[in-house]
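Participant: The structure's right below; bear with me while I get my questions together.
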Amino acid sequence: MSQRKVNKSRDTRPDISELEPAIKECVRYILCREGGKIPIKRGDINKHLNTVCQTPQNQVSAIIVEANKVLKKVYGYELLEVAANAGKQYIVILSQECKSILPPIIDEHQRKLLIAALMHIFMSGAPVKEEDMYKFLTDAGLLEENDHASRKLLTTTFTRQMYLEYSKVKVTESNVTRCEFTWGQRAEHEVSKLFLLNKMAEAFGKTPDHWCEQYKEATRET
């Protein structure tokens, strides 16, 4: 590439100082959306910045990169792109380790329910069938027989927030469809498996390495 072409390509890059108002607005928008824990669509960011700041679509990528730097430095958050069926979408996660997990979930029952569900999946080492999950949570005193609200938390709310994945799986030998739970993309990035394993060890009066496979998996992420 000639020097003229190099200079021309550099000139087309947006000046970050000129994007400052849009970067601040992007940070503000992401923080407002973060409270609901619902993934943020790239299209929604485009639309918001265009409406509020008249930002051209070809500048949005640079704005998101700079906004992510602010989120990390000032707020301890990180904007993470996650897999989606259509288009790009992001989740906001904590960029630094915390001693406690899931701080944005205020309701104590919701917190206990989610931690117990994630722990059961992790300790099982495989996806957990829906009926097995409900039995485990019932035995743990976290779910009652007609507690439809808590079931909806597991199958809908935590799924939309990407803490859990709730999916239908066809059983080949019986040609029957069943539903099962696995860890969601947010949980994989935000929840410490070692934290869960330490809690399990405390409850049973054992050391975390008592569960060999889970201990190997948990220590790989540290």
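Under full-length UniProt numbering, the residues of the sequence shown are numbered 1 to 222, in order. Even glycine gets a Cβ: it sits at the ideal position worked out from N, Cα and C.
1) Does the separation of the CB atoms of residue 64 and residue 91 fall below 8 Å?
2) Confirm the yes/no value for this check: CB of residue 187, any heavy atom of the ligand ADP, distance under 7 Å.
3) Per DSSP, which residues does residue 41 bridge with? Please list them.
4) Can you give me the start and stop residues for the beta strand (DSSP E) that residue 180 sits inside?
5) Smallest Cα separation from residue 188: which of 94, 70, 56 and 111?
6) Considering residue 135, what are the terminal residues of the beta strand (DSSP E) in which it resides?
7) Between residue 98 and residue 77, what straight-line distance do the alpha-carbon atoms span, to the nearest angstrom?
8) Report all residues from its chain with a CB closer than 7 Å to the CB of residue 100; omit the five preceding and five following residues, and keep chain order.
9) Return yes when the Cβ of residue 121 is within less than 8 Å of the Cβ of residue 195, no when it is not.
10) Tell me residue 77's beta-bridge partners as DSSP assigns them.
11) In this structure, how does DSSP classify residue 166 when only helix, strand and coil are distinguished?
12) In angstroms, rounded to a whole number, what distance separates the CA positions of residue 144 and residue 209?
13) Determine, using beta-carbon pairs with one atom in the region 12 to 26 and one in the region 65 to 74, whether at least three such pairs fall under 8 Å.
14) Under three-state DSSP, which class holds residue 82?
Facilitator: From the atom records:
1) Sequence index remark: in the sequence shown, residue 64 carries index 64 (1-based). Sequence index remark: in the sequence shown, residue 91 carries index 91 (1-based). The answer is no: Cβ separation not under 8 Å.
2) Absence of the ligand ADP is noted for the structure shown, with no ligands found whatsoever.
3) Here residue 41 refers to the residue found at position 41 of the sequence shown. Its beta-bridge partners are 89.
4) By one-based count along the sequence shown, residue 180 stands at place 180. Here the beta strand (DSSP E) through residue 180 covers 176 to 183.
5) Taking the first residue of the sequence shown as position 1, residue 188 is located at position 188. Per the Cα distances, 94.
6) Position 135 of the sequence shown holds residue 135. Segment 130 to 139 is the alpha helix (DSSP H) holding residue 135; no beta strand (DSSP E) there.
7) The count along the sequence shown starts at 1 and reaches residue 98 at position 98. The count along the sequence shown starts at 1 and reaches residue 77 at position 77. At residue 98, the pLDDT of 47 sits below 50, so the modelled position is not reliable; the number obtained from the coordinates is stated separately. The straight-line gap from Cα to Cα measures roughly 12 Å.
8) By one-based count along the sequence shown, residue 100 stands at place 100. Caution applies to residue 100, whose pLDDT of 48 falls short of 50 and renders its modelled position unreliable; the value that the coordinates give is listed next. Counting only Cβ-Cβ distances below 7 Å, and skipping sequence neighbours, we find nothing.
9) Residue numbering aside, residue 195 sits at position 195 when the sequence shown is read from its first letter. Residue numbering aside, residue 121 sits at position 121 when the sequence shown is read from its first letter. No, the pair does not count as a contact, with Cβ atoms beyond the cut-off.
10) Mapped onto the sequence shown, residue 77 falls at position 77. For residue 77, which the question treats as bridged, DSSP gives the partners 94.
11) Translated into positions along the sequence shown, residue 166 becomes position 166. The answer is strand: DSSP assigns residue 166 an E or B state.
12) Start at 1 with the first residue of the sequence shown, and residue 144 comes out as number 144. Start at 1 with the first residue of the sequence shown, and residue 209 comes out as number 209. Between residue 144 and residue 209, the C-alpha separation is close to 33 Å.
13) yes
14) For the purposes of this step, residue 82 is taken as residue 82 along the sequence shown, with counting starting at 1. Note: residue 82 maps to strand in three-state DSSP.
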